[in-house]
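Trainee: Could you have a look at this structure, given as structure tokens, before my questions?
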Amino acid sequence: MFTRTPLHFDLAQRDRALATGGIGVVHELAKQVGLFESIDRRVHVLKAHKPYHESDHALNFAYSALCGGQTIEDLELLRKNEAYLDLLGAQRIPDPTTAGDFCRRFTIDAVAELQAAINESRLRVWARQPEAFFAKATIDFDGTYVATDGERREGVDINYKGEWSYHPLVASLANTREPLEIENRRGNRPSHEGAAEMADRTIALVRKAGFRSVLLRGDTAFSQSQHLDRWHEDGVEFIFGYAANTPLVMQAANLPNASWTPLKRKKRGSGSELQRSPRENHRKAIVEERGYKNLRLEREDVAEMRYQPSACSREFGWWS
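Going by the working numbering, 1753 is the number at position 300 of the sequence shown; the sequence numbering is gapless.
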């Protein structure tokens, strides 16, 4: 609560401060795990290092994003911030024009080498984790749309929503919620495109780190049945959504009633101990007032069965 305690003001000497002081910790971590050296050893896009190296450019973009930067022009604000430069121990950093020239030199191979350099440092970070950390690696796959208004952006296309966008594919480690790999794609590409190849690369990465088992997860767009056999034989577990095709629906419909059990979901809530009276549902009131049909879910049942996709040589467990 507010108090009436007397306040005392004083004038201090001029000092410099930085709102994003945590970037210093990030910079120190990058040094400790050898990220600078890994990038400079693997990525070669500059003919001469006068004065910047590849790691300076790459981390310049990363630090800008962590400090709230959204466009390449935001680098100009950081390079004029003396407190920021002092914190990083830098006399200067690349300006937006120089950074843009660096980006234009990149090729697909250079992007792959940059990802490999990041993974080298990632393995060093994981190596510091306790033994229990390596019990199982759960890798999630998903696609997301990144809309853009730019008219001259290479690779932009129209997605199924009619928006100009990119459609990057993301593989992330659920254990730590960190992205393992991101592949940019045109906005009109299907979600599963390139997912199997990315899965193979991320499986190899987590096994190299020492994870004892691997679980792949994804929605129906990633259930590529032609790869399930070889992943199973390789000891990889997977949980994918699957399209409700006719044979699968018929088999589920023929299950005995005793096979079905109610699906219990976690109740949504704020987690607060304070109970509040529910507010009026304005959407529901408008629907009822105008006589619209209001569909509400009454219950969900789930059953386990065995099913063999046409592209597989064996049956797998399914939940319908």
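Idealized CB from N, CA, C, for every residue including glycine.
Does the distance from the CB of R1575 to the CB of D1610 come in under 8 Å?
Mentor: Walking along the sequence shown from the start, residue 1575 turns up at place 122. Walking along the sequence shown from the start, residue 1610 turns up at place 157. In this structure, D1610 does not lie closer than 8 Å to R1575 by Cβ.
Trainee: Quick check: the Cα distance between D1539 and A1674, rounded to an integer number of angstroms?
Mentor: Reading the sequence shown from its first residue, position 86 is the one you call residue 1539. Reading the sequence shown from its first residue, position 221 is the one you call residue 1674. Between D1539 and A1674, the C-alpha separation is close to 48 Å.
Trainee: Under 8 Å, do L1622 and E1636 count as touching if we go by C-beta distance?
Mentor: For the purposes of this step, residue 1622 is taken as the residue at position 169 of the sequence shown. For the purposes of this step, residue 1636 is taken as the residue at position 183 of the sequence shown. Against a cut-off of 8 Å, the Cβ pair of E1636 and L1622 comes out as a contact.
Trainee: Name the DSSP beta bridge partners of G1596, please?
Mentor: Indexing the sequence shown from 1 puts residue 1596 at position 143. BP columns for G1596 point to L1622.
Trainee: On the three-state DSSP scale, how would you describe F1514?
Mentor: Along the sequence shown, one-based indexing puts residue 1514 at 61. Helix at F1514.
Trainee: To the nearest angstrom, report how far apart V1599 and A1465 are at their CA atoms.
Mentor: For the purposes of this step, residue 1599 is taken as the residue at position 146 of the sequence shown. For the purposes of this step, residue 1465 is taken as the residue at position 12 of the sequence shown. Their backbone Cα atoms lie some 47 Å apart in a straight line.
Trainee: Cβ of T1655 within 8 Å of Cβ of I1571?
Mentor: Along the sequence shown, one-based indexing puts residue 1655 at 202. Along the sequence shown, one-based indexing puts residue 1571 at 118. No.
Trainee: Hey, quick one: how far does the beta strand (DSSP E) through F1555 stretch, first residue to last?
Mentor: Along the sequence shown, read from residue 1 onward, the residue named residue 1555 stands at position 102. Element bounds for F1555: not the beta strand (DSSP E) but the alpha helix (DSSP H), 1549-1557.
Trainee: Check the C-beta distance from H1510 over to F1555 and give it rounded, since I have them as a contact under 8 Å.
Mentor: Stepping through the sequence shown from its first residue, residue 1510 is reached at position 57. Stepping through the sequence shown from its first residue, residue 1555 is reached at position 102. The distance from the Cβ of H1510 to that of F1555 is about 4 Å, consistent with a contact at the 8 Å cut-off.
Trainee: Reducing DSSP to helix, strand and coil, say where A1543 ends up.
Mentor: Taking the sequence shown and counting its residues from 1, one reaches residue 1543 at position 90. It is coil, neither helix nor strand.
Trainee: Would you kindly check if the distance between the Cβ of P1762 and the Cβ of L1708 is under 8 Å?
Mentor: Here residue 1708 refers to the residue found at position 255 of the sequence shown. Here residue 1762 refers to the residue found at position 309 of the sequence shown. The criterion of a C-beta distance shorter than 8 Å is not satisfied by L1708 and P1762.
Trainee: Could you give the uninterrupted runs of the beta strand (DSSP E) lying entirely in the segment 1620-1683, keeping only those of 3 residues or more?
Mentor: You should have 1622-1626, 1631-1636, 1667-1671.
Trainee: If we ignore side chains and look at the alpha-carbon of each, how far apart do K1717 and A1706 end up?
Mentor: Start at 1 with the first residue of the sequence shown, and residue 1717 comes out as number 264. Start at 1 with the first residue of the sequence shown, and residue 1706 comes out as number 253. Whole-angstrom Cα-Cα distance: 21 Å.
Trainee: I need the boundaries of the alpha helix (DSSP H) containing R1495, first residue and last residue.
Mentor: For this step, residue 1495 is matched to residue 42 along the sequence shown. Looking at the DSSP string, the run of the alpha helix (DSSP H) that includes R1495 is 1488-1495.
Trainee: Kindly indicate which residue of L1626, A1624, W1771, E1604 has the alpha-carbon position closest to the one of E1616.
Mentor: One-based indexing of the sequence shown puts residue 1616 at position 163. By alpha-carbon distance to E1616, the top candidate from L1626, A1624, W1771, E1604 is E1604.
Trainee: Would Y1619 and T1601 be called neighbours here (beta carbons separated by less than 8 Å)?
Mentor: In the sequence shown, counting from the first residue as 1, residue 1619 sits at position 166. In the sequence shown, counting from the first residue as 1, residue 1601 sits at position 148. In contact: Y1619 and T1601 (Cβ atoms closer than 8 Å).
Trainee: From this set, P1583, R1581, A1624, which residue's C-alpha is nearest F1594's C-alpha?
Mentor: In the sequence shown, counting from the first residue as 1, residue 1594 sits at position 141. Closest by alpha carbon: A1624.
Trainee: Tell me whether the beta-carbon of A1756 lies closer than 8 Å to the beta-carbon of S1712.
Mentor: Counted from its first residue, the sequence shown places residue 1756 at position 303. Counted from its first residue, the sequence shown places residue 1712 at position 259. Yes; because the gap between Cβ atoms is below 8 Å, this pair is in contact.
Trainee: Can you tell me the Cα-Cα spacing of S1730 and E1741, whole angstroms?
Mentor: Reading the sequence shown from its first residue, position 277 is the one you call residue 1730. Reading the sequence shown from its first residue, position 288 is the one you call residue 1741. Whole-angstrom Cα-Cα distance: 22 Å.
Trainee: Bridge partners of I1692, per DSSP?
Mentor: Locating residue 1692 in the sequence shown gives position 239, where the first residue counts as 1. In DSSP, I1692 forms a bridge with R1670.
Trainee: How do the segment 1462-1479 and the segment 1492-1506 stand: do at least 3 beta-carbon pairs fall below 8 Å, yes or no?
Mentor: no
Trainee: Would you kindly report the start and end of the unbroken beta strand (DSSP E) that includes E1757?
Mentor: The residue you call residue 1757 lines up with position 304 of the sequence shown. Element bounds for E1757: 1757-1760.
Trainee: Tell me which residue opens and which closes the alpha helix (DSSP H) that W1713 is part of.
Mentor: If you number the sequence shown from 1, residue 1713 lands on position 260. Looking at the DSSP string, W1713 is not in any alpha helix (DSSP H), and its letter there is neither H nor E.
Trainee: By how many angstroms is the C-alpha of G1477 removed from the C-alpha of E1578?
Mentor: To locate residue 1578, count along the sequence shown from 1; it is residue 125. To locate residue 1477, count along the sequence shown from 1; it is residue 24. Going by the sequence as given, residue 1578 is Val instead of Glu. So the alpha carbons of these two residues sit roughly 18 Å apart.
Trainee: For F1462, is the classification buried or exposed, using 16 other Cβ atoms within 10 angstroms of its Cβ as the cut-off for buried?
Mentor: For this step, residue 1462 is matched to residue 9 along the sequence shown. Classification for F1462: exposed.
Trainee: Would you mind giving the Cβ-Cβ distance between A1580 and R1665, rounded to the nearest angstrom? I have them listed as a contact below 8 Å.
Mentor: Within the sequence shown, numbered from 1, the residue matching residue 1580 stands at position 127. Within the sequence shown, numbered from 1, the residue matching residue 1665 stands at position 212. Actually they are not in contact, since the Cβ atoms of A1580 and R1665 sit about 15 Å apart, beyond 8 Å.
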